[in-house]
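First comes the structure, then the notes that go with it.
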Amino acid sequence: PQSELKAVAEVAESRKRELVAAQQDLRASDTKIRELKAQVLLGQRQRAAALEEATSTAYARASQQHAAEIQRLRLSHDALSLELLQAQKKLAYVSAGKRPALAPAS
């Protein structure tokens, strides 16, 4: 009986050590999982910030290109309007039987 009790106590003590070791492993795993989750969250935030910055940069670039294209079209419109006005004046002179003035070199 005494030896049986001693054997049972040894098994119980061994199981207790195993349980304590398993709990420590579990705590270490939980800590590692929390760290990994924090890294993932940080990565997500960094990606979101990078995407927002890239989107903002692309929008600003597109806006600048759009403004430049509008300016180019305005200049082209002004040049064409001037050319039309000169052609209308020539036509008026010709229609009136007058000699057209020489058009300035462009």
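The numbering used here numbers the first residue of the sequence shown as 52 and each following residue consecutively.
Just so you know, even glycine gets a beta-carbon here, dropped at the ideal spot from N, CA and C.
Nearest-angstrom Cα separation, counted from residue j out to residue i
| i | j | result |
| --- | --- | --- |
| Tyr144 | Ala138 | 10 Å |
| Leu133 | Lys141 | 12 Å |
| Gln75 | Glu86 | 17 Å |
| Val159 | Arg96 | For the chain, the structure presents residues 52 to 157; residue 159 sits outside this window and is missing. |
| Leu102 | Lys67 | 52 Å |
| Lys57 | Leu70 | 20 Å |
| Ser146 | Leu135 | 16 Å |
| Leu93 | Ala105 | 18 Å |
| Ala118 | Ala111 | 10 Å |
| Ser80 | Val91 | 16 Å |
| Gly148 | Ala113 | 52 Å |
Element boundaries [alpha helix (DSSP H), containing residue i]
| i | result |
| --- | --- |
| Gly148 | Here Gly148 belongs to no alpha helix (DSSP H), and DSSP marks it neither H nor E. |
Cβ shell of residue i (< 7 Å), same chain only, five flanking positions each side left out
| i | result |
| --- | --- |
| Gln116 | none |
Any non-hydrogen atom of the ligand ZN closer than 7 Å to residue i Cβ
| i | result |
| --- | --- |
| Ala143 | No copy of the ligand ZN occurs in the structure displayed, which carries no ligand at all. |
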